[in-house]
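Chains as they are written, first to last, in this note's numbering: chain R, 186 to 382; chain X, 7 to 206; chain C, 94 to 238.
#1: Tell me which residues share the same chain as residue 173 (chain C) and place their Cβ nearer than 7 angstroms to its Cβ, disregarding the 5 neighbours each side in the sequence.
#2: Spatial neighbours of residue 86 (chain X) within its chain, please: CB distance less than 8 angstroms, with the 5 preceding and 5 following residues excluded, ordered by chain position.
#3: Along the alpha helix (DSSP H) that carries residue 179 (chain C), what are the first and last residues, could you check?
#4: Measure the Cβ-Cβ separation of residue 306 (chain R) and residue 272 (chain R) and say whether it is below 8 angstroms.
#5: Quick one: does residue 178 (chain X) have its CB under 8 angstroms from some CB of chain C?
#6: Out of R:314, R:374, R:256, point me to the one whose CA is closest to residue 229 (chain R)'s CA.
#7: When the cut-off is 8 angstroms and only beta carbons count, does residue 136 (chain X) lie next to chain R?
#8: In terms of alpha-carbon separation, which member of C:227, C:207, C:171 lies closest to residue 136 (chain C)?
#9: Taking the beta strand (DSSP E) that residue 257 (chain R) falls in, what are its first and last residues?
#10: Between the region 114-134 of chain C and chain X, which residues of the former have CB atoms less than 9 angstroms from a CB of the latter, in chain order?
#11: Would you mind telling me which residues of chain X sit closer than 8 angstroms to residue 208 (chain C), beta carbon to beta carbon, in chain order?
#12: I believe residue 268 (chain R) touches residue 311 (chain R) by the beta-carbon criterion, under 8 angstroms. Please report the beta-carbon distance rounded to the nearest angstrom.
#13: Using the beta-carbon of each residue, which ones in chain C are nearer than 8 angstroms to residue 53 (chain X)?
#14: Anything in the region 182-196 of chain C with a Cβ closer than 7 angstroms to a Cβ of chain X? List those residues in chain order, please.
#15: Would you identify the three-state DSSP class for residue 341 (chain R), choosing helix, strand or coil?
#16: Could you check whether the region 287-301 of chain R touches the region 318-327 of chain R, counting it as contact only if at least three pairs of C-beta atoms, one from each stretch, sit closer than 8 angstroms?
#17: Whole-angstrom Cβ separation of residue 102 (chain X) and residue 82 (chain X), contact assumed at under 8 angstroms?
#18: Just how far apart, CA to CA, sit residue 227 (chain C) and residue 184 (chain X)?
#19: So which of R:219, R:216, R:253 has the shortest CA-CA distance to residue 173 (chain X)?
#20: Can we say the region 69-82 of chain X touches the region 155-173 of chain X, given the rule of at least three CB pairs closer than 8 angstroms?
#21: What residue does the beta strand (DSSP E) around residue 318 (chain R) start on, and which one ends it?
#22: Excluding sequence positions up to five away, which residues of its chain have a Cβ less than 6 angstroms from the Cβ of residue 275 (chain R)?
#23: Using a Cβ cut-off of 8 angstroms, which residues of the region 299-326 of chain R contact any Cβ in chain X, in chain order?
#24: At a Cβ threshold of 8 angstroms, is residue 158 (chain X) touching chain R?
#25: If you follow the beta strand (DSSP E) that residue 176 (chain X) is in, where does it begin and where does it stop?
#26: To the nearest angstrom, how far is the alpha carbon of residue 217 (chain C) from that of residue 222 (chain R)?
#27: Check each candidate in C:121, C:154, C:192, C:159 and name the one with the smallest Cα separation from residue 210 (chain C).
#28: Might you give, ordered along the chain, the residues of its own chain that have their beta carbon closer than 6 angstroms to the beta carbon of residue 233 (chain C), omitting 5 neighbours on each side?
#29: Does DSSP put residue 145 (chain C) in a helix, in a strand, or in coil?
#30: Taking only beta-carbon atoms, is residue 154 (chain X) less than 8 angstroms away from chain R?
#31: Using a Cβ distance threshold of 8 angstroms, determine whether the region 322-342 of chain R contacts the region 353-360 of chain R, with at least three qualifying pairs required.
#32: Considering residue 270 (chain R), what are the terminal residues of the beta strand (DSSP E) in which it resides?
#33: Measure the alpha-carbon distance for residue 98 (chain C) versus residue 150 (chain X) and round it to whole angstroms.
#34: When burial is assigned at 16 or more other CB atoms within 10 Å of the CB, is residue 128 (chain C) buried or exposed?
#35: Would you decide whether residue 132 (chain C) is buried or exposed? Buried here means 16 or more other CB atoms lie within 10 Å of its CB.
#36: With respect to the beta strand (DSSP E) encompassing residue 108 (chain X), which residues constitute its N-terminal and C-terminal limits?
Rendered as structure tokens:
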């Protein structure tokens, strides 16, 4: 086998192996992984305070500062959910779509026409926050927040058949800097009652 | 028109430039529809997660007012009454946390093709389905119609409250101070109190 | 194809791609200001009742809404807020949603305000609100002030 033969054989093998990523089977569900511990550390902070109402109220204020709208509160459970809806359009996707459309123009001969890929259009960024006591006399509370986003695509076409809009995908947000910045703002908000801006 | 004209060099060059320009326009837009044009474009859509406004301090000042009262219950009642006056449907109402939040649909969008079942009970939570991809019809064109308003009431010090209102319109935060000025003017009337700005 | 026609074509295409309809609508300055129409609605949407007990009034409101075939979406008793919705039957494409707030004005009186929407548009027909308050009175077994 020549060099090209070996290279293509390696490529074929790699492509086959990519499809072999183990999916989470039922027995692996509901089990803690090292990931869970890392995520927990990233998403949680402790506050030496009795007042969980104040923590929740300050969290709502910080989220409002970040442009979020409060969707639901259940203060007895220490629960708060806020969302922010923004555009999800990206230049990269526009360029990809144009290139794919140009490349698939020959398919017009088979009535499968130029393929116009749907692009991300609308995203909903959500924050879910829980504040709960961690010791029996409730002098210390833990605040845990999770950020995630849901993205919807617009419509497209595959030749003569239209691709309807609204295909959605979801993504957990795991950037640690985001969480650090949120908690920095929250600790400032809880101490700075005077709102000195 | 004699066919000889098309074989002239200058019109051919012009035609080539014209086609290149059109091609470049199409490439840049990626065959976008007007509905898509109305969405902000960016290199990475994740930058929307963190606040992008130039001056958070100015926006905070425009959105907040100080009131000389400690009666949070009364403030919240006045906020609810104001939101009802504005036609917002109040969804979140929490006196302990001092949060009032509501939504309203401004009919801004219509699909460019096809009929449009008028989806007005747009419940964005019900559309979150935990699958990798799922197609939903109907409400899609109206997602951008949603106008959201959240008002928070917090204690500033022993004698004052801070009320902050933030609104979202067509997938963007409302950053213009004038709508907020008008909102607080209406709220003042409901509260019978004078609103003071955050910067004395 | 004349040169002029080609350039016209280019301008038309470029102009079409840059049309103002392709820009996100901007919020008006009156986005958070009540309009004349909304202020006029306030008086027909509000009634005062000689009831001492706000909890009783809330129950009455919920009962009246259920009698009218509404589905109660949320009921916040301590703060006097009820939200409900129903299809505008027999038409299952249209929806009527209503938000009712109950406020204790004085120890003897309370104010009830109903905001009704038909498919996102506020209902401005006074007869509709009169019907609602008539049902509510029946549910509360009292006459209005």
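Cβ coordinates follow ideal geometry from the N, Cα and C atoms, glycine included.
In short:
#1: Answer for residue 173 (chain C): 147, 151, 194, 195, 196, listed in chain order.
#2: Hits under 8 angstroms: 96, 99, 106.
#3: No alpha helix (DSSP H) contains residue 179 (chain C), which is instead part of the beta strand (DSSP E) from 174-180.
#4: Taking 8 angstroms as the Cβ cut-off, residue 306 (chain R) and residue 272 (chain R) qualify as a contacting pair.
#5: At least one chain C Cβ lies under 8 angstroms of residue 178 (chain X).
#6: With distances taken between Cα atoms, residue 229 (chain R) lies closest to R:314.
#7: Summary for residue 136 (chain X): the model assigns pLDDT 45, below 50, so the residue's position carries little reliability, and this model does not support an answer.
#8: Residue C:207 holds the alpha-carbon nearest to the alpha-carbon of residue 136 (chain C) among C:227, C:207, C:171.
#9: If you look at residue 257 (chain R), you'll find it in the beta strand (DSSP E) that goes 254-259.
#10: The region 114-134 of chain C vs chain X, Cβ under 9 angstroms: 114, 115, 116, 117, 118, 119, 120, 121, 122, 123, 124, 125, 126, 127, 128, 131, 132, 134.
#11: Listed by position along chain X, the residues whose Cβ is nearer than 8 angstroms to that of residue 208 (chain C) are 90, 93, 95.
#12: For a cut-off of 8 angstroms, the C-beta gap from residue 268 (chain R) to residue 311 (chain R) is around 5 angstroms, short enough to register as a contact.
#13: Here the premise fails: no neighbours, minimum Cβ distance about 17 angstroms.
#14: Within the region 182-196 of chain C, the qualifying residues are 186, 188, 190, 192, 194, 196.
#15: Correct three-state label for residue 341 (chain R): strand.
#16: No, they do not touch.
#17: Their Cβ separation, rounded to whole angstroms, is 10 angstroms, which puts residue 102 (chain X) and residue 82 (chain X) out of contact at 8 angstroms.
#18: One C-alpha to the other measures close to 40 angstroms.
#19: Closest option to residue 173 (chain X), Cα to Cα, is R:253.
#20: The region 69-82 of chain X, when compared against the region 155-173 of chain X, does touch it at the 8 angstroms Cβ threshold.
#21: Boundaries of the beta strand (DSSP E) around residue 318 (chain R): 305-318.
#22: Closer than 6 angstroms at Cβ, skipping near neighbours: no residue.
#23: Listed in sequence order: 301, 304, 305, 306, 307, 308, 309, 310.
#24: Yes - at least one Cβ of chain R is within 8 angstroms of the one on residue 158 (chain X).
#25: Where residue 176 (chain X) is concerned, there is no enclosing beta strand (DSSP E), given that its DSSP letter is neither H nor E.
#26: Between the alpha carbons of residue 217 (chain C) and residue 222 (chain R) lies a gap of roughly 56 angstroms.
#27: The option with the nearest alpha carbon to residue 210 (chain C) is C:192.
#28: Annotation for residue 233 (chain C): 153 place their beta carbon closer than 6 angstroms to its own, counting only its chain and skipping 5 residues before and after.
#29: Under the three-state reduction of DSSP output, residue 145 (chain C) falls in the coil class, being neither helix nor strand.
#30: So yes, residue 154 (chain X) belongs to the interface.
#31: Of all C-beta pairs linking the region 322-342 of chain R to the region 353-360 of chain R, three or more are shorter than 8 angstroms, placing the two stretches in contact.
#32: Start and end: 264-272.
#33: In a straight line, the C-alpha of residue 98 (chain C) is about 39 angstroms away from that of residue 150 (chain X).
#34: When all chains shown are included, residue 128 (chain C) counts as exposed.
#35: Flag for residue 132 (chain C) reads exposed.
#36: Element bounds for residue 108 (chain X): 105-111.
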